[in-house]
Amino acid sequence: MALAIDPLIRLAGVSKIFHTKEVETHALSGIDLEIRAGEYVVISGPSGCGKTTLLSLLGLLDSPSEGSYVLAGEPVSSLTPAQRARVRARTIGFIFQAFNLIGDLTVFQNVELPLKYRGMRGAERRGAVHEALERVGLLHRIHHYPGQLSGGQQQRVAVARAVAGHPLVLLADEPTGNLDSQNGSQVMDLLAELHQQGATICMVTHDPRYLKQAQRTIYLFDGRLDGRGPFHREVA
Amino acid sequence: MDTLLRDFRLAVRSLRRSPTFSLAVILTLALCIGATTSIFSVVYAVLFRRLPYTDPSGILLVRETWRGQPGSFSVGNWADTKRADQLFQHLVPLRGTRLNLATENAPENVDAARVGSDFFDLLGVRPALGRVFQPEEDRPGSDNVVILSDRLWRERFGADRGIIGRSVRLDGRPCTVIGVMPASLDFFIMGEQLWVPNGFTPEQVAMHDEHYLTVLGRLKPGVTRGAAQAELAQIATSLRERYPRDNQERGITLSQLDRELVRGYRARLLTLLGAVGFVLLIACANIANLLLARSATRGRETAIRAAVGAGRGHLVQQALTESLVLALAGGAAGTILALWGVRALVAFGPADIPRLVSARVDTPVLAFAVLLTGFSGLLFGVAPALRSSTRFPQDALKEGGRTGHAGGRDRLRHALVVAEIALALVLLTGAGLLIRSAVALNSVDPGFEPKHVLAGRVSLPASTYQTPDQVSQAFTEIARHLEQARGADAAALVSTAPLEAGGSNGLVPEGRPYEVSSAIDAMLRVVTPGYFQTMRITLKRGRTFTEQDRAGTQKVMIINERLAREAFPGQDPIGKRIACCEPEPDGSPGLKLVVGVVNDVLAMGLSQEPYPEFYLPMAQSPKAAWHWLDQTMTLAVRTTGDPHAAASLMRQAVTAVDRTLPVYNIATMDDRITASLGPSQFSTMLLTAFGVLALLLAAIGVYGIISYGVTQRTQEIGIRLALGAQGHEVLGMIVRHGAVLAGVGLAVGLVTALALTRLLSTLLFQVSPTDPPTFAIGAVLLATVALLAALLPAMRASRVDPVIALRYE
């Protein structure tokens, strides 16, 4: 009999409504979702279905209009922006489609950025940065600037930045969207490797090639979970 | 030309699509070009406009010197110099005076000049009406002719073209109007409104010891100034040998008249021009920053133009044309503003700045405005134009991954802001130094109490008051009426009140050799007994004058502390005697008993050191003194209430003695002090205004670049927030950026200010040009304003939505 383990992420009845002068946009409606520690989950769906909105809620970049969000046993749906930032620094690692490295900072400085915001001391930061860059195979480019790296290398640096602080969960938004197939495969292999090492990954992607890498796919359509989810679909 | 016109039309259209931007630039330029043009018009009129004479650089000021200091000629020395000289075409004496002009209207006291008959020939100016003086009219008895200025002719005589041959009364003497000078001569060397011949008597020509003449000269063609100076040195040696008593330690020197007239104002005016130029530079830096930001947002448009064939030259020309359109609009508006600006400067500027009234927006000033406009357009346009032309077409047209820094670290724009802050600090410190100087000047104790004292001048015409006794009696009567007038707390007469120009004499303290080398030069004041009480000058030792100090009694004098120290160092001067003025009938020195010592009065101006002064009772004044004083005295009345009410008391006291005499130059002592501070206050006020404007522009510059940076770095800021940065950390990052810019700007500005404020040394009073508190206050003020300017966009940055990090566009 399997022991019941509390999920790392639990969304219950989550909705997100955007208000403008004339229009109310229901970006997400009635989302119930659980992700367990160590899971590799993909969120998929057509353009405009609310994937990015869902990711922003999961990453505490925004807060839900309705419903509850519990992260690692702590309710986080009603935090202030400052509180969300603190939790985000400790628990979330982001990998963006557009890499989002800061061009005026070196590779080292980009990777250490979230560790600085977390308040980690200098020596400890240096060690974490070196470890993360070694994991992605870019320690030899530590003093280079993003502009001196290829797209694939930049995304790997972004992955290093995301994992340097050993976050509870990695959130990846179309990580291969700006890469050619070879570089994209390299990044996806890196993510698979991280998952095998125990990382919890939640990824948004269109690309059907990468759906199979995940243990579970969550489908969104018009801001709602597709009728098929959330079902476990074990991947052999 | 077609391309230029097309670019011009494109530029106008493009600017019309951005009305806020265009208006901001044009208004900034209009304000700065208008201010610069206004100041230039004053500088040009005072310092550079050609005097309305023939070959003005050839008119020389010929002066006697005494102990190396330039002074005036005596009539005798001038006559001997003219006789001995071989090199001058003209050597003309002139002296300022005031004359009572009487026509059908009420008598009026006017500024006049007594001149040699060839005065207008020296200037090379022909009259607008009538003729100039003939040599035979420059003799006593034949000198009852007068030439009017254009201004007096219009204001007093209604521009009557039948004025020639008309008789007017000057100091009671009938004189014939023989000419009217043109309006171009309305700038006068001595502020005179009419000219009369000198008419020296043989007795005056024989006098070598009274120095009051200004002498102008023009050399013969081909004669160099060096040769003339050498000849004059020989003549001075000859005069010293022939008249050792009167000419010891005297020399003769030459200088150019047009330079001497403005020497005291050159530094002040050029400082103002430099300061307003700095403001314009700051404005150009701001506009350049705006244009750089604008070109960045139009990168795609430029890339498309390049992709379809536009060469770099085309792109630069187009961008520059836009800058020049802005400059032209700003320059045109600025020139219009300058029309008012010049009027305001003339209206509120100190009256004693020579030729200030002639400042106007004329052809040279318009040319300056046009050049300035073009220069400004190039200055702020060239960098953005070159930048916009260096983009590679493919960079703007391709899509792909990006790093979050687009334009946030623009070195050129940062350098412009640093330069703005540096220039602003220079202006602020300059203004601060002048303000401190003005405060110090206003705090100076003048040595008398100016409040509630009204002063006015009265001149007794020589035609009516022909002997010293008649003059003395008339003034004694006026003094009596004044002192008895109801409403006057105290009243007195004095030859020249403080801050009025006066004459000096050489004094020899008893016990020293009675020769020129022992003489102390001291200012003379002839006073009635109530003078010290009226002016509230403090008696330090001894006594003041009484009614017993009159003709026939012991001759007495009162001296100031400065003269006491020089004449009797370390001794009590009371009871000692000093020789001055006219000798005794037997030729022995005219010794006078020192009966009192009063405090020093800053009679030469609040920024000047006190000069040695001595006072003689009017009842004992030497007969010759009335000639030195031009038979003119100042009436001073102290009241409890409004001192202006004393004007009627003065007029009544004078008309009780002679109904034909006007009282003129009526002003309170407070107003006279304020007027004496006029040039200082004028330049302080303007430099302060420029400093404030520079501060505002620098703040706008800092705000602009930080704000633009925040906009450009929005993605980066979103990333930082997404990665865990708190709002206050983002705010701190942005403010630090502004602080670094401000810090570098202040450092550069500090070094620049330390170098440039030394140029203000001659304008400062009791303040060092590197005064640390002034520099510190300027730096703190600028730093505070810069940080506040950075704070607004920093607060905006801290509120960026971190979701923006997920947006990929």
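As given, the protein sequences belong to chains E and D, one line each in that order. In terms of this note's numbering, the first sequence opens at residue 71 and continues consecutively. In terms of this note's numbering, the second sequence opens at residue 3 and continues consecutively. Note that CB positions come from ideal geometry on N, CA and C, so glycine has one too. The structure presented is a predicted model; accordingly, all values stated were derived computationally and were not measured.
- Under the DSSP assignment, D:S506 falls outside any alpha helix (DSSP H), being part of the beta strand (DSSP E) whose first and last residues are 506 to 511.
- Listed along the chain, the chain E residues whose CB falls inside 8 Å of the CB of D:G734 amount to none; the nearest CB is some 12 Å away.
- Taking 8 Å as the Cβ-Cβ cut-off, the segment 709 to 740 of chain D approaches chain E at Q717, E718, I721, R722, L723, A724, L725, G726, A727, Q728, G729, E731, given in chain order.
- In this structure, DSSP gives E:Q179 a helical state, which the three-state scheme calls helix.
- Taking 8 Å as the threshold, the shortest C-beta distance from D:A417 to chain E does not fall below it.
- Sequence-distant Cβ neighbours of D:H416 in its own chain, meaning closer than 8 Å and more than five residues away, are I707, L743.
- Contact annotation, E:L185 with E:G118: C-beta distance approximately 35 Å; criterion of less than 8 Å not satisfied.
- For the pair D:G780 and D:A442, the Cα-to-Cα distance works out to about 18 Å.
- If the five residues before and after D:D162 are omitted, its C-beta is found closer than 7 Å to no C-beta atom of its own chain.
- When DSSP states are grouped into helix, strand and coil, D:G458 belongs to the strand group.
- By alpha-carbon distance to D:F534, the top candidate from D:A47, D:F547, D:R543 is D:F547.
- Annotation for D:T662: P109 place their beta carbon closer than 6 Å to its own, counting only its chain and skipping 5 residues before and after.
- Here E:H276 carries a coil assignment [DSSP, helix/strand/coil].
- By the rule that beta-carbons nearer than 8 Å mark a contact, D:A781 does not touch chain E.
- Under a criterion of Cβ atoms nearer than 8 Å, the residues of chain E adjacent to D:A807 are, in order, L131, F164, F166, N170.
- With respect to chain D, the C-beta atom of E:R188 has a partner C-beta closer than 8 Å.
- One Cα belongs to E:E204, the other to E:R211, and the distance between them is close to 10 Å.
- Here DSSP, grouped into helix, strand and coil, assigns D:L783 to helix.
- Residue-level contact by beta carbon fails for E:S255 and chain D, as no gap is shorter than 8 Å.
- The alpha-carbon separation between D:G751 and D:G577 amounts to approximately 60 Å.
- When the Cα atoms are used, E:R80 and E:L128 turn out to be separated by approximately 9 Å.
- Its Cα nearest to that of D:I237, the residue D:R85 stands out among D:H92, D:V264, D:R85.
- Three or more beta-carbon pairs drawn from the segment 697 to 713 of chain D and the segment 287 to 297 of chain D are found closer than 8 Å, and the two stretches are therefore classed as touching.
- Within the segment 205 to 268 of chain E, the beta strand (DSSP E) runs of at least 3 residues that lie entirely inside it are, in chain order, 239 to 243.
- The shortest C-alpha to C-alpha distance from D:A566 to any of D:T273, D:Y617, D:M209, D:Q550 is the one to D:Y617.
- Annotated as proximal: D:V665 and D:G458, with beta-carbon spacing under 8 Å.
- With respect to the C-alpha of E:P77, the residue from E:E136, E:F88, E:V111 having the closest C-alpha is E:V111.
- About 5 Å separates the Cβ atoms of D:P142 and D:T203, confirming a contact at the 8 Å cut-off.
- D:V428 has no beta-bridge partner at all, per DSSP.
- Residue contact with chain D for E:A159: present (Cβ-Cβ distance below 8 Å to some residue of chain D).
- Each of D:P614, D:P591, D:E586, D:M606 was checked against the Cα of D:V599, and the nearest Cα belongs to D:P614.
- The C-beta of D:E584 has fewer than 16 other C-beta atoms within 10 Å across all chains shown, which makes the residue exposed.
- Closest by C-alpha distance to D:L93, out of D:L256, D:G164, D:S16, D:L53, is D:L256.
- Distance between D:R116 and D:T642, taken at the CA atoms: about 41 Å.
- D:D152: member of the alpha helix (DSSP H) spanning 152 to 159, first to last residue.
- The beta carbons of D:L425 and D:L283 sit closer together than 8 Å.
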